[in-house]
Ligand code: CDP
Ligand code: MG
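In the UniProt record's numbering, the protein residues as written are 153 to 1024.
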């Protein structure tokens, strides 16, 4: 056994032939799988590696022996020549040795050395993210080039680089991170943690990723859009690097979730890569379902946590909610209910050693606490968050209102130990994130309120109870409107199980699901759909084309996006002029691809650069990205509806009357309303203002946030522009408005409608029924102006609309009038123009001859007015 230890359980060199002459991937014919190789793959596939039962001591001993024996074995196993020593803190080393993955270092490294692509799957918390980069470093993979590790979340990239640096006793100069807008990479960097988006950007400038010896794609089970695309790219880059004798290895790491999309996809990997399963000890977790599923899961989570804390034995609590605001809200409530004060509790708790002392201290604490609890300290007008105030100013007063039941709960005197409540979400500062890994103050119970960051990305020590809302915030793409938005939905069965698993890391645990088993069984999907199936395909398509992927439809996606959607994207991008007839990215397209928004919006931003309308365009793009900005009329009674609608319409119309150009676009009116909203906001009257003009105040807040974010991104993306975002913006003047209408046409050029003439009304039909009817360029059905549209007053012949929606008829939303003579200029791909003569008229060199063009627009060949243009 001792003799064989180096070869690993499934890797007998005599069987699979690791002699240096057998080049695993040398066969150019991908379908021809070398017999020896196939055996290895099948072996590894069929029999996932099991953890060896070596005790801690043996691991260390074995490693020492290995190091001595390297020269001999090296001839057999292609392994970098060096073992780089890492001197670790003994405490850290002790903790490391407890991680399941440490027992498998041998096998894992041998498989990696022998294969270009390896999949490593293992229970969350088994040590994949923190340990694998260290194994590779010690094996010399960071000697000549860097080790890259990608994470779908910024928080994980940052936290893990910190942790690994600490474990290896090295500085951030060597173990670094790089996420968008932030990083500490240096020329000495050996291991680079980054977001998947950052690596994708690097592929754009260095397709072969020549700086790296190995790329680890972490959290592949999350199926983030960028990780999926990276897998596709890397499957090809690995081959290319191999051909150039400059091998790059790829490791795909994932929690123990569905792996078939990676292993059985022959377009992705012609030969299925070996899978290593890191098995870890998971203690049993008892799952408790709620009998009923309540709407307000934040409130339910609060009640459940109070119950656990006041009635159940010691052990950390982890609560899963969906977003930053909810997390802060619950943290605030829990802190109110179970205050932890450094002075009063900690010292006392620390002093308490014997039970009797503990009891008497508790009595004293009770007295103090009781006193404290009676006087409510919330002042809604003068509110600042206990700890996290700098970062989360968005919390609104309405979010902090408690109902009677909660109020009672808070008021009731609580006893027992204080609760050490910590928030956790992606945008939390590093310092605050780190708190979850630091020891809990003596005498306190840990309680972490988290988004699904704690599901697989970060493992929090000491959790015994999980409270699961069952919800998750999902980025959704509306295929009709093209609008991307975040919506709260039920998570999948697989993630719910991951969440409950968090309670069984250090001992048997409990998971409290705030929904019924019927909901779980009947409504939860088995797995969440990969992001690529939901993402806006236009952006993806342009991005891939811009990275010189010729045949996007045949790109080796682990799960391909909807084919129909891809084809439609291609057409749309051509109309937008970001792709040319041969499907090549145009000059405009390459600029558009730089903006972190959908191409149609990117085009609007790109074209605004040279005018003084950029701040308006940014505002407009933000407004177009948020659904339902206008309030629906109240549903009380019909007369009310009519009255309110009229009042709102009149207000908008009054604005519109302020200048002729406002009559020419719903979006112009909206822009003016938003400029007014900024003023109202600065006076603290936003709610009232929105109410008065029939705007949805949540939407307006969202637009304001988006606008700031977009301005920052546009400026930071170094698209050679210094955007200064003045919170207040004067409403656009007539000149701005005209430019903005043209910009809208440039971005929405495929969404044109032409007024239906009255003589087109079918015989015998009521003409008033068709008063607001239009023909849309790309569909058969008639589309209508909605009663809320300011365009009803002007009924322009040609309009461009933001989106269509259907209720009793198909309505256009966000309608803007355009001049027909703009069409050949701004949407040339849909115009069919002809000159009235074929022979050029005789003219002298300096002559300017005017001639008349005639033409049609779009698939329905709408006649365009005659245009006088200069000739030639
Ligand atoms: O990647 P995987 O889920 O397999 O595990 P990991 O993230 O490498 O975590 C391994 C262990 O390190 C867990 O028990 C974490 O709690 C611990 N850890 C820590 O104590 N401090 C950190 N900053 C990061 C991880
Ligand atoms: Mg991990």
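Glycine included, each C-beta is placed from N, C-alpha and C at the ideal position.
This structure is a prediction, so every number in the text was calculated from the model and none was measured.
Within a Cβ cutoff of 7 angstroms, which residues of the same chain sit near residue i, ignoring the five residues on either side of it in sequence?
i	result
residue 276	407, 608, 611, 650, 653
residue 656	434, 435, 436, 437
residue 839	849
residue 385	355
For residue i, count neighbouring Cβ atoms within 10 angstroms of its own Cβ and tell me buried if that reaches 16, exposed if not.
i	result
residue 237	exposed
residue 180	The pLDDT assigned to residue 180 is 37, lower than 50, so where the model puts this residue is not dependable, and the model offers no usable value.
residue 910	exposed
residue 521	Confidence at residue 521 is low in this model, with a pLDDT of 37, below 50, so its placement is unreliable and the value that follows should be read with caution. With 16 or more Cβ atoms within 10 Å of its Cβ, residue 521 is classed as buried.
residue 670	exposed
residue 189	Note that residue 189 scores 33 on pLDDT, short of 50, meaning its location in the model is unreliable and no value can be drawn from it.
residue 1015	exposed
residue 769	buried
residue 802	exposed
residue 1018	exposed
residue 621	buried
Within its chain, find whatever has a CB closer than 6 angstroms to the CB of residue i; leave out the 5 residues flanking it on each side and keep chain order.
i	result
residue 274	280, 430
residue 377	683, 684, 687
residue 887	none
residue 672	none
residue 502	In this prediction, residue 502 scores a pLDDT of 38, lower than 50, which makes its location untrustworthy; no coordinate-derived value is stated.
For residue i, which three-state DSSP category applies?
i	result
residue 368	strand
residue 1013	coil
residue 901	coil
residue 916	coil
residue 537	Residue placement at residue 537 is flagged as unreliable, the pLDDT there being 23, under the threshold of 50; a coordinate-derived value is accordingly withheld.
residue 699	coil
residue 837	coil
residue 942	helix
residue 980	helix
residue 845	helix
residue 954	strand
residue 588	helix
residue 827	helix
residue 344	strand
residue 1008	strand
residue 965	strand
residue 410	coil
residue 647	helix
residue 887	helix
Do the CB positions of residue i and residue j come within less than 8 angstroms of each other?
i	j	result
residue 390	residue 466	no
residue 359	residue 346	no
residue 726	residue 740	no
residue 489	residue 458	yes
residue 747	residue 866	yes
residue 694	residue 744	yes
residue 424	residue 416	yes
residue 575	residue 480	yes
residue 614	residue 658	yes
residue 483	residue 601	yes
residue 696	residue 705	no
residue 470	residue 606	yes
residue 934	residue 944	no
residue 468	residue 599	yes
residue 1009	residue 982	yes
residue 893	residue 816	yes
residue 460	residue 617	yes
residue 352	residue 383	no
Please confirm whether residue i has its beta-carbon closer than 8 angstroms to some beta-carbon of chain B.
i	result
residue 431	Structure shown: chain B not included; a single protein chain is present.
Given residue i, which residues of its chain have a CB within under 8 angstroms of its CB, disregarding the five upstream and five downstream residues?
i	result
residue 380	682, 683, 684, 709, 710, 711
residue 440	662, 663, 664, 665
residue 986	1005, 1006, 1007
query: For the 8 angstroms Cβ check, are there 3 or more pairs between the region 736 to 748 and the region 440 to 451?
result: no
- prompt: Would the region 287 to 302 and the region 359 to 372 be scored as touching if the rule is three or more Cβ pairs under 8 angstroms?
  reply: yes
Cβ contact (3+ pairs, closer than 8 angstroms) linking the region 309 to 316 and the region 252 to 264: no
- prompt: Can at least three beta-carbon pairs, one atom from the region 909 to 929 and one from the region 775 to 783, be found at a separation below 8 angstroms?
  reply: Cβ pair count under 8 angstroms is below three, so no.
- prompt: Does the region 953 to 964 come close enough to the region 973 to 983 that 3 or more CB-CB pairs lie under 8 angstroms?
  reply: no
task: Decide if the region 245 to 252 is in contact with the region 405 to 423; the criterion is three or more beta carbon pairs, one per stretch, under 8 angstroms apart.
output: no
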